[in-house]
Amino acid sequence: METSGKRRLRMGKKGQSTRSGKILVENRSVRTRSCLDSEAIKTLQIAYEFHGYWEETLVCQGEKYCKIEIEGGGHLQTVGAPNLPQEGIYVNIPENAKFLNLQVGECHEKTIEVEYPIAPNPLPALEGEELLYRKDSTIYDSGSLFPAEVAVFSAVRRIGGVKVVHILVNPVRYYPVQRQLQVVETMILKITYELSEETDTIGEPRHHRFGGPAVDILGMPEMDGVTTKGGGRGGREDIRTLKNPANCAELLIVTKPDLRPAFDDFLEFKSRDFKVALADTGQIISEFGGQSGMDEQIREFLCYAAENWRISPRYILLGGNITDIPTHWEYFLGARISSDHFYADLKGDLSPDVVVSRFPASEPEEMKNMCDYFIRYAQTRKEWGKSVLLSSYNREDYNECTEEVAGIIASDFQIYKCYDGQATKEEIIETINQGVGFINYRGHGLPTGWQAGNGLTSDDLVQLKNVDKIPQVLSIACSNNALEKEHCFGCEWIRQGKAVSFLGAAVPSYTVVNHEFDKWLWEGIALKKLKRAGEIFNYGIQKLYMNNPENDLVKHTIYAYLLVGDATAECDFYRSE
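In UniProt numbering, the protein residues as written are 1 to 577.
Quick look at the structure:
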């Protein structure tokens, strides 16, 4: 698909950000309460206001189409259906509430003519495959409004320890034959629920399960008891019995017994900012062992800690290769995925409850060295952290995605563009050696590198001399974190001390969802000001999940991506005033 026209903002308001496509008034909702049938039945009203969308003209297989995007929202992903915006909303409700129904109240919409049909969703395509488009004639030949509903109930969920109603909003709908858009201006959403007790207290987050991405997505302040950098509430816990509700740990390392000493200095350093603790596989087997595999035992322990410890983990650091601390093999859409997400999804609903990363080392000396350079990174004033290297595979949609990232971050970062076909591998290496806070690659990948004309491989890492200027790497591509491979690309960045964290997929991943995922990561960094590698990762995953919770390609993406390196690593990326 080729872009043949410039993006323009429709329905925008004067003074808005040039990138802004919508505004959600009162993100946590405007609440009014009234009795319906009895005092136990309540109605929560949410005022939703929509201020605009981005429109551009595309050429697909020789035919012109209109593409619609909104800031902060995803897209309907049904193959062959119009690629229209879809936005997920979380509305928190009382802990003792039983959801009854969702109704759309007063809704003001505007009809807008479009010159070309709305672009269809492509067939599922892995990175490297051609995007093919086949319109669903039952939709495109119809004069009926698509989708039929402006807002639908998805599920009652628990996000960041808060009970929420998950709503999917379709702010831009389409009459295919008439080539007209039905666009929301304002509407009222009404959630009706029943209380099991007299109290009508909105659910508050459990302090040990709440923070980072959940704070930003829910729009709620952090609770007392959540330690942030400089909070002065750290300390190290010596956990002798895992099944002890008095245990406290915001940062928990899970490793094998012979690697315990390798983490001593790292834990001491991190205890300045977090309550820290370590549990080894010997303890886990002793207290949670059974007929299940080691991965199941570790997850059972983490679930226990999340539900029972006085302060339970926000960060789980897996200390070891998969031969030491096993990954979980997830079988989905025909793929066998080494998925550390298994340890983050403690409720089993796909949404991550904690941040998980892996330190890929097996020997005590190697692990100690890895921990030491993570400490050095944290102690370094990172003036170079304000710089970003952007690279992409030489294809229009990858370049377009990367250009959108550049637009998101332009006011906060110095950007170095090293696109395939425009910069050499040597220029990429030189730029990294000068020092950048982040590297973002968007394109094809292999277990051993970036599959672009100027892409780095594991063999090239020896040329990086950035020992005191290591970045966070976001590699939105196939298979760069294939943990079962001996020289896994992402793991080699960490083992060789070339990056503090590396986000990548364990298996071949899907192009269209990856485009959205990349942009969510940078929304978390540039707009939400997230600094920690793990919070950035979880924010991107949460946004995918919030906007498209039932789509199989989104589910595959969530299973496939994992983080190696220090999830608590922070990059000082704000420009000086």
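We put the CB at the ideal spot given by N, CA and C, even for glycine.
In three-state DSSP terms, what is Pro261? The answer is helix: DSSP assigns Pro261 an H, G or I state.
What three-state label does DSSP hand Lys275 in the structure shown? strand
Extract the residue ranges of the beta strand (DSSP E) inside the region 156-186, only unbroken runs of 3 or more that lie entirely within it. 162-169 and 172-175
Would a C-beta distance cut-off of 8 Å place Ser392 and Gln414 closer than the cut-off? no
Which of helix, strand or coil does DSSP assign to Ala361? coil
Beta-carbon contacts of Asp572 that lie in its chain and below 6 Å, excluding the five residues immediately before and after: Lys382 and Gly385
Per DSSP, the bridge partner or partners of Asn92: Val164
Does the region 86-96 come close enough to the region 351-364 to have 3 or more Cβ pairs within less than 8 Å? no
List, from N- to C-terminal side, the alpha helix (DSSP H) runs of 4 residues or more that fit wholly inside the region 335-383. 364-379
When burial is assigned at 16 or more other CB atoms within 10 Å of the CB, is Thr227 buried or exposed? Low per-residue confidence applies at Thr227: pLDDT is 35, beneath 50, and the placement is therefore not dependable, though the value from the model is reported in the following sentence. With 16 or more Cβ atoms within 10 Å of its Cβ, Thr227 is classed as buried.
Using only alpha-carbon positions, find the residue among Arg314, Tyr133 and Gln297 that is nearest to Val79. Tyr133
Cα-Cα separation, Arg310 to Ile188: 40 Å
So, with DSSP's three-state summary, where would you put Ile70? coil
Near His515, which residues of its chain fall below 6 Å by C-beta distance, leaving aside the five closest residues on each side in sequence? Cys401
Can you find at least 3 beta carbon pairs, one from the region 403-410 and one from the region 463-471, that sit closer than 8 Å? Judged by Cβ distances under 8 Å, the region 403-410 makes no contact with the region 463-471, as fewer than three pairs qualify.
CA-to-CA distance, Asn170 to Asp340, given in whole angstroms: 32 Å
Where Met367 and Ala262 are concerned, what is the direct C-alpha to C-alpha distance, given to the nearest angstrom? 6 Å
Apart from the five residues on each side of it in sequence, which residues of its chain come closer than 6 Å, Cβ to Cβ, to Arg157? Taken in chain order, the residues that qualify are Val164 and His166.
Could you check which residue in Ile285, Arg376, Tyr175 and Leu259 has the C-alpha nearest to that of Pro82? Tyr175
DSSP three-state assignment for Thr57, whether helix, strand or coil: In the three-state scheme derived from DSSP, where H, G and I count as helix and E and B as strand, Thr57 is classed as strand.
Of the listed residues Thr511, Glu55 and Ile253, nearest to Asp397 (C-alpha basis): Thr511
Minimum C-alpha distance to Ala482 - residue among Val513, Ser338, Ile432 and Thr281: If you compare the alpha carbons of Val513, Ser338, Ile432 and Thr281 with that of Ala482, the shortest gap goes to Ser338.
Nearest to Gln180 by CA position, among Val114, Gly421 and Asn308, is which residue? Val114
Is the beta carbon of Val564 less than 8 Å from the beta carbon of Gly497? no
How would you write the range of the alpha helix (DSSP H) that Ile536 sits in, first residue to last? Ala533 to Asn547
Every unbroken alpha helix (DSSP H) within the region 421-504, with a cutoff of 4 residues, ordered by chain: 425-434 and 489-495
Does the beta-carbon of Arg240 have 16 or more other beta-carbons within 10 angstroms, so that it is buried, or is it exposed? exposed
What would DSSP say about Ser387, mapped onto helix, strand or coil? strand
As assigned by DSSP and simplified to three states, the class of Phe50: coil
Along the chain, where does the alpha helix (DSSP H) that runs through Asn399 open and close? Glu396 to Ile409
For Ala47 and Glu106, what's the separation of their Cα atoms in angstroms? 10 Å
Does the Cβ-Cβ distance between Gln297 and Ile285 come in under 8 Å? yes
Cβ-Cβ distance between Ser472 and Ser501 below 8 Å: Note on identity: in this sequence residue 472 is Gln, with Ser being the wrong assignment. Against a cut-off of 8 Å, the Cβ pair of Ser501 and Gln472 comes out as a contact.
If contacts are defined as beta-carbon pairs under 8 Å, then Gly504 and Ala477 qualify, I think. What distance do you get, rounded to the angstrom? 7 Å
Looking at Pro85: is its Cβ nearer than 8 Å to the Cβ of Val152? For Pro85 and Val152, no; Cβs fall outside 8 Å.
Going by DSSP, what residue range makes up the beta strand (DSSP E) through Ala97? Ala97 to Glu113
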